[in-house]
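**Q**
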Amino acid sequence: MTDQAPAPQTDRPDIPGKPTSASRTTLSHIMTHNDTNLLGTVHGGVIMKLVDDAAGAVAGRHSGGPAVTASMDEMVFLEPVRVGDLVHVKAQVNWTGRTSMEVGVRVLAERWNESAPATQVGSAYLVFAAVDADGRPRRVPPVLPESERDKRRYQEAQIRRTHRLARRRAIMELREKRAAEGYED
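0 is the number of the first residue of the sequence shown in numbering that gives the first Met the number 0; add one for each residue after it.
1. Mapping the DSSP letters down to three states, classify Val80 as helix, strand or coil.
2. When you compare only the Cα positions, how much space is there between Ser146 and Ala165?
3. Determine whether the beta carbon atoms of Ala128 and Pro136 lie at a separation below 7 Å.
4. Specify the secondary structure class of Ala115 as computed by DSSP and reduced to three states.
5. Does the distance from the C-beta atom of Leu49 to that of Val88 stay below 7 Å?
6. When DSSP builds the beta bridges, which residues end up paired with Thr40?
7. What's the C-alpha gap between Thr25 and Ala115?
8. Mind checking whether Ala156 and Trp111 have CB atoms under 7 Å apart?
9. Starting from the C-beta of Leu107, find all residues in its chain whose C-beta is less than 6 Å away, skip the five residues before and the five after it, and write them out in chain order.
10. Between which two residues does the beta strand (DSSP E) harbouring Ile29 extend?
11. Less than 7 Å between CB atoms is the rule here; does Arg60 satisfy it with respect to chain B?
12. Can you say whether Thr161 is buried or exposed, counting buried as having 16 or more other CB atoms within 10 angstroms of its CB?
13. Quick test of your reading: Val92 and Ser22, contact by CB under 8 Å. State the CB separation rounded to the nearest angstrom.
14. What's the call for Pro15, buried or exposed, on a 16-neighbour Cβ count within 10 Å?
15. Flag Leu85 as yes when its Cβ comes closer than 6 Å to any non-hydrogen atom of the ligand FAD, and as no otherwise.
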């Protein structure tokens, strides 16, 4: 495999591409007792909402308008987050298709009672669809990877997309086969 990311899609000559840095953002939030689960750590759903908020901001910024969450491809929790931690959610567009885009998110926590640097506590990949005022898909600008890291993220996003589509296709084929055999779901 090459180190170079393939060129962004060129079937959109009327829509200029945007570099990854154009929409990259960080949201920060101090965790409170209202955010905790029964174990006394921050509830995963609270972190997931912050992830979706940051990813949505990036998707809207990149696409130049409304974008909706189509799927969360993966959410990984690496370490618990505690009350008092300052959580930073960093997001950027990794890949774009015609009307959709993958946003990668890293979640970091600064421990309120430690002087150590922020620790990565989670990561996620979300797919957003750009929509118009009527909720119909609209085209998005191609993303232009800038750094070697951006190029790697672009390539990895293409792999995740291929797997998502293959999984969806396999499930639909199985459902069709079961329906043809007379099984009801």
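Here a beta-carbon is modelled for each residue, glycine too, at the ideal position from N, C-alpha and C.
This structure is a prediction, so every number in the text was calculated from the model and none was measured.
**A** Reading it off the structure:
1. Stepping through the sequence shown from its first residue, residue 80 is reached at position 81. Val80 falls in the coil class under three-state DSSP.
2. The residue you call residue 146 lines up with position 147 of the sequence shown. The residue you call residue 165 lines up with position 166 of the sequence shown. Their backbone Cα atoms lie some 29 Å apart in a straight line.
3. Against the sequence shown, residue 128 aligns to sequence position 129. Against the sequence shown, residue 136 aligns to sequence position 137. Yes, Cβ-Cβ distance for Ala128 and Pro136 is below 7 Å.
4. Residue mapping note: residue 115 aligns to position 116 of the sequence shown, counting from 1. In the structure shown, Ala115 sits in coil (DSSP, three-state: anything other than H, G, I, E or B).
5. Position 50 of the sequence shown, counted from the start, is the residue given in the question as residue 49. Position 89 of the sequence shown, counted from the start, is the residue given in the question as residue 88. Taking 7 Å as the Cβ cut-off, Leu49 and Val88 qualify as a contacting pair.
6. Residue mapping note: residue 40 aligns to position 41 of the sequence shown, counting from 1. Thr40 pairs with Arg81.
7. Residue mapping note: residue 25 aligns to position 26 of the sequence shown, counting from 1. Residue mapping note: residue 115 aligns to position 116 of the sequence shown, counting from 1. Approximately 20 Å, taken between the alpha carbons.
8. Against the sequence shown, residue 156 aligns to sequence position 157. Against the sequence shown, residue 111 aligns to sequence position 112. Against a cut-off of 7 Å, the Cβ pair of Trp111 and Ala156 comes out as no contact.
9. Taking the sequence shown and counting its residues from 1, the one referred to as residue 107 is at position 108. Cβ within range, chain order: His87, Ala117, Gln119.
10. Locating residue 29 in the sequence shown gives position 30, counting from the first residue. Per DSSP, Ile29 belongs to the beta strand (DSSP E) from 24 to 29.
11. The chain labelled as chain B is not found in the depicted structure, where only one protein chain is given.
12. Here residue 161 corresponds to residue number 162 of the sequence shown, with the count starting at 1. Using a 10 angstroms sphere on the CB of Thr161, the tally of other CB atoms stays under 16, which defines it as exposed.
13. Taking the sequence shown and counting its residues from 1, the one referred to as residue 92 is at position 93. Taking the sequence shown and counting its residues from 1, the one referred to as residue 22 is at position 23. That pair is a contact at about 5 Å.
14. Taking the sequence shown and counting its residues from 1, one reaches residue 15 at position 16. In the assembly as shown, Pro15 is an exposed residue. Its beta-carbon has fewer than 16 other beta-carbons within 10 Å.
15. As for the ligand FAD, it is missing from this structure, which has no ligand bound.
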